[in-house]
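To start, the structure under review is shown below, and the notes come after it.
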Amino acid sequence: MSVDNYESTPMSEPFNPGPDAVEIVEREACFRGFYRLDRLHLRHRQFSGEMGPVLSRELFMRHDAVCVLPYDPQRDEVVLIEQFRVGAMEKGAHPWLLELVAGLIDTDEVPEAVAHREAREEADLELTSLWPITQYFPSPGGSDEHVYLYLGRCSSLGAGGVHGLAEEGEDIRVHVWPFEDALQAVKDGRINNAASIIALQWLALNRAEVRGLWG
């Protein structure tokens, strides 16, 4: 079909299933530790309007997380951290990943407070402003984790070294990169985790506005 003859299909309205769209038949507690794992037997309303069959799904439950990309708008530099990640041990070149400053939300914390706390603990940085980027579910097919993603204004002058909480076994190395180098690392696959990719691509799209307001 040629472009000239192409007719777009009108977008349908989003599915609005209602408050009774999911029925949990049974919920089993499979594991309780730092994280939790449940097995749910449930059924949900289908696009036809009918209830579907009973499904069995494991749900990995964890605290919501905050990720923040520290950015120096005057020097046009980002601060990244590097640390060992067990989840990348068998599926990557090596399990030391370049990432954003990040941490889990305790029950009595707001996301902004977590961003400031983790910047101090993981990178020895003081953030002077936070710019909300987005909120998202990184793996909703099997986990209820919800991520709050921020850009954090900082001074990258003198940033570096190894940081983290010894009592938590953290061994975190801090890197200061020109923004363009970090964006290139996304393009060539050296930065290969979701929060970092999303934040750096967002900054690529909004850098002029950020530097205008923060610079």
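FYI, full-length UniProt numbering numbers position 26 of the sequence shown as 26, with every residue one higher than the one before it.
Glycine is no exception: its CB is placed at the ideal position from the N, C-alpha and C atoms.
| Check | Outcome |
| --- | --- |
| Cβ neighbour criterion (16 or more within 10 Å) applied to Glu-17 | With the sequence shown as reference, residue 17 is identified as Pro, and Glu is not the correct amino acid for it. Burial call: exposed. |
| Proximity to Glu-58 [Cα-Cα], best of Glu-77, Glu-28 and Arg-43 | Glu-28 |
| Pairwise C-alpha distance: Leu-98 and Asp-106 | 24 angstroms |
| Touching by the beta-carbon criterion (3+ pairs, under 8 angstroms), the segment 148–159 and the segment 185–192 | no |
| Whole-angstrom C-beta distance between Arg-207 and Ile-81, which should lie under 8 angstroms | Not really, about 21 angstroms apart at Cβ, beyond 8 angstroms. |
| The segment 61–74 contacting the segment 142–151, beta-carbon criterion three pairs below 8 angstroms | yes |
| Assigned secondary structure, Met-1 (DSSP; H/G/I helix, E/B strand, else coil) | Note that Met-1 has pLDDT 45, beneath the 50 cutoff, so the model's placement of it is unreliable and the number below is only indicative. DSSP places Met-1 in coil when its eight states are reduced to three. |
| Straight-line Cα distance separating Glu-109 from Trp-131 | 18 angstroms |
| Whole-angstrom distance between Leu-183 and Val-176, CA atom to CA atom | 13 angstroms |
| Touch test, the segment 30–42 against the segment 73–91, Cβ-Cβ under 8 angstroms, three pairs minimum | no |
| Assumed close pair Val-210, Leu-200 - CB separation to whole angstroms, cut-off 8 angstroms | So it is not a contact: roughly 12 angstroms between Cβ atoms. |
| Proximity to Leu-149 [Cα-Cα], best of Gly-52, Glu-77, Val-68 and Glu-50 | Val-68 |
| Pick from Tyr-136, Leu-205, Asp-171 and Pro-178 that is closest to Gln-74, judged by C-alpha positions | Pro-178 |
| Between the CA atoms of Glu-77 and Tyr-71 - distance to the nearest angstrom | 6 angstroms |
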